[in-house]
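Numbering (my numbering), first residue to last: 1372 to 1558. From the three backbone atoms N, C-alpha and C, an ideal C-beta is built for every residue, glycine too.
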Ligand SMILES: Cc1cc2nc3c(=O)[nH]c(=O)nc-3n(C[C@H](O)[C@H](O)[C@H](O)COP(=O)(O)O)c2cc1C
């Protein structure tokens, strides 16, 4: 397969030194060449308010357009209180509206969760999957990716400091490419 696949990456943390963002960059670096992963910022999205959909704020419009243009979506998220951070949920809600015009609809996606803790944000990963079902986003089932101890596995330059994690994540991204092709009907 030779054509380029436009993947929008959504990171569920705004923190400057975010391990999730580092991980997203590291995942991008080990992705197959056909996957062009571009991280879309979500910190500037005003909180979703249905009243505003009559005349949506520019950041909502731009974000919805960015997601619509994408062939696929890569979510990389930490866990807040055993669920997804509010900033990620807000981005999901913004992209999902107005009703019937969800930018997410039908986009193949993958979820990678991470935590400095040992459970790799399993709770956030699966709460996110619950929303993805409703959004009609075909989500890659395997390999599951719960990256525990992430603070020791990816450096501040977005490089894997642990080779076996790097190989695991290379496999995740290769599977993601195959999954996107399968959803598109070419796999
Ligand atoms: C409000 C809040 C809630 C948190 N809840 C969890 C949690 O439920 N599970 C977990 O593993 N870590 C939790 N943490 C710790 C985060 O995993 C940690 O801060 C991590 O570095 C956040 O991801 P980031 O580095 O991408 O910003 C929480 C952190 C904050 C600030």
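- Residue 1499 and residue 1545 have their C-alpha atoms roughly 22 Å apart.
- Taking residue 1486 as reference, the option from 1376, 1522, 1420 and 1463 with the minimal CA-CA separation is 1522.
- Residue 1519 sits in a strand when the DSSP states are folded into three classes.
- In this structure, residue 1439 has its CB at a distance of at least 7 Å from all heavy atoms of ligand 1.
- Those residues that bring their Cβ nearer than 5 Å to a heavy atom of ligand 1 are 1384, 1386, 1389, 1390, 1391, 1449, 1450, 1451, 1452, 1453, 1486 and 1488.
- Residue state for residue 1530 is assigned as coil, using DSSP reduced to three classes.
- Counting every other CB atom within 10 Å of its CB across the protein chains shown gives residue 1390 a total of 16 or more, marking it as buried.
- Here residue 1483 is buried. Its C-beta has 16 or more other C-beta atoms within 10 Å.
- Remark: C-beta atoms of residue 1441 and residue 1378 approach each other more closely than 8 Å.
- If you draw a straight line from the Cα of residue 1386 to the Cα of residue 1431, it is about 21 Å long.
- Within the region 1384-1447, the runs of beta strand (DSSP E) that reach at least 3 residues and sit entirely inside it are, in chain order, 1406-1410.
- The beta carbon of residue 1516 is closer than 6 Å to those of 1483 and 1543 in its chain, skipping five residues each way along the sequence.
- Excluding five sequence positions before and after residue 1481, the CB atoms of its chain that fall closer than 6 Å to its own CB belong to 1445, 1511 and 1547, given in chain order.
- Here residue 1458 is buried, its C-beta having at least 16 other C-beta atoms within 10 Å.
- Judged by beta-carbon spacing, residue 1402 lies beyond the 8 Å limit of residue 1448, meaning their Cβ atoms are not closer than that value.
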